[in-house]
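Student: Be aware that the sequence shown starts at 1, since it is given in the numbering used here, and climbs by one per residue.
We put the CB at the ideal spot given by N, CA and C, even for glycine.
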Amino acid sequence: MKLLWRYVLVVAALMAGSLLLSACGGGEEEIDLDEYFRRFEDITDAADTSMDRLVSEGVGEDIEATRDYFDSFDAILRQVLNDLKDIHPPAEAQDAHDEFVASGAEMLASFEDFSDRLAEVESPSGLAALFAEPMPALDAAQQRVTDACLQLQGIADENGIEVDLECEE
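Take a look at the structure:
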């Protein structure tokens, strides 16, 4: 009986270890640059489609609709970042990928801060005043995103990979 319990404990420990390794990325799939850029482009194209739909709805002067708009925007950006974090780029793109994700997280934090301030707005004039405020943190984050995107585009170009990441300059 003692032997059976030991066997059960060993099997349970092995299963737990296996699950832990997969959860921690122990079984990460190694991908090449072509596959990396295909996945990157798929994620950003899906986000662009969602953003186009959101922008077509517009913001308007309704405060609640504006809050919903920015909450939706935050959700799209958060999803993009989560999806990009799930990609394990090859070494050639690792630094630029990490910078893109980090700068995107910085941008998300700026938008979340804006959303928090938006939650306190009570009138259309307050809404107009909020939109008139300068947002240097957001501007800096946007520049970092653009720079990282251009760096990724450069890596693709140098390696003959046909991709247009649509980096804004």
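1) Expressed to the nearest angstrom, what Euclidean distance is found between the alpha-carbon atoms of Gly27 and Phe37?
2) Sort Ile31, Thr49, Ser50 and Thr66 by Cα distance to Ala119 and report the nearest one.
3) Sort Arg117, Ala109 and Leu84 by Cα distance to Ala129 and report the nearest one.
4) Note the first and the last residue of the continuous alpha helix (DSSP H) segment covering Asn82.
5) In three-state terms, what does DSSP make of Val145?
6) Could you check what DSSP says for Asp48 in three-state terms: helix, strand or coil?
7) Three or more beta-carbon pairs under 8 Å between the region 132 to 142 and the region 153 to 166, yes or no?
Tutor: So, from the listed chains and residues:
1) Residue confidence for Gly27 is low, a pLDDT of 45 falling below 50, so the modelled location carries little weight and cannot support an answer.
2) Thr66
3) Arg117
4) Ile63 to Lys85
5) helix
6) helix
7) no
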